[in-house]
Amino acid sequence: DDVHDGEARRLVKIEMDPKVESLLDPEDPAERSVVEGNMDVCGEILSRASAGAWTMSMMEDHVKEAEVSAEVAEALLRIWRRNEPKIREEATKQSFWGNNLKRLSWRVDVSTKSRYVEDLNEPCAIMELNMSNARDEDKTNTVKFEIDRDMLVQMNEEVNRLQELISTF
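Residue 40 in full-length UniProt numbering sits at position 40 of the sequence shown, with consecutive numbering throughout.
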């Protein structure tokens, strides 16, 4: 949880550079000035809200308890109201340590012959997984492999078991 909180805090600080443009209301220059002038407290509150999965009412309660001016409180509530899903998604994405799946592609091919069998005509899937590290999205790894019908059935069973397990959380 401390790691997630630290990542969310780092995220919010980063967002004040290039990414915050999408969080702030372009029609309200006062909001930008208030948030930039109180970056530490705003970052702390937004990161705790993201890590704690706060609802809007929880955010309102915590902002009231925080020792911030009415302007800062109002700006934080507007930002959270407009961007809650976006902030949560980015904080979750940044909490991954290792590689994550960026893209999956596949195609079906038919093997017509091999070194050992003259006439096969067996379909197989050619899969390609593109993975990237959340900390360095510019670096991607690609894994390509062929999978036959039996292995595909087995893989689907495993994925279904995984889906059931994840949905219990």
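The C-beta atom is built at its ideal place from N, Cα and C for all residues, glycine as well.
Contact with chain D by residue i, beta-carbon distance below 8 Å
| i | result |
| --- | --- |
| residue 91 | The structure shown contains no chain D; it holds only a single protein chain. |
Rounded Cβ spacing between residue i and residue j (contact assumed at less than 8 Å)
| i | j | result |
| --- | --- | --- |
| residue 111 | residue 122 | 5 Å |
Assigned exposure category for residue i - 16 Cβ within 10 Å defines buried
| i | result |
| --- | --- |
| residue 54 | buried |
| residue 153 | exposed |
| residue 158 | exposed |
| residue 15 | Unreliable placement is indicated for residue 15, whose pLDDT of 47 sits below 50; the coordinate value is still reported in the next sentence. Counting Cβ neighbours within 10 Å, residue 15 comes out buried, since at least 16 surround it. |
| residue 155 | exposed |
| residue 56 | exposed |
| residue 11 | In this prediction, residue 11 scores a pLDDT of 48, lower than 50, which makes its location untrustworthy; no coordinate-derived value is stated. |
| residue 151 | exposed |
| residue 70 | exposed |
| residue 87 | buried |
| residue 149 | exposed |
| residue 166 | exposed |
Which listed residue (the options) has its alpha carbon closest to that of residue i
| i | options | result |
| --- | --- | --- |
| residue 136 | 98, 42, 82, 50 | 98 |
| residue 100 | 139, 51, 155 | 139 |
| residue 131 | 149, 144, 125 | 144 |
| residue 43 | 95, 115, 169, 91 | 91 |
| residue 39 | 50, 57, 72 | 72 |
| residue 85 | 75, 49, 126 | 49 |
The ligand NAP heavy atom lying under 7 Å from the CB of residue i
| i | result |
| --- | --- |
| residue 108 | Of ligands this structure carries none, so the ligand NAP is not represented either. |
- Please specify which runs of the alpha helix (DSSP H), each continuous and at least 4 residues long, are wholly inside the stretch 44-94, giving them in chain order. For the stretch 44-94, whole alpha helix (DSSP H) runs of length 4 or above, ordered along the chain, are 56-65, 70-94.
- beta strand (DSSP E) runs wholly inside the UniProt domain "COMM" (100-169), at least 3 long, in chain order: Runs of the beta strand (DSSP E) inside the UniProt domain "COMM" (100-169): 122-133, 136-147.
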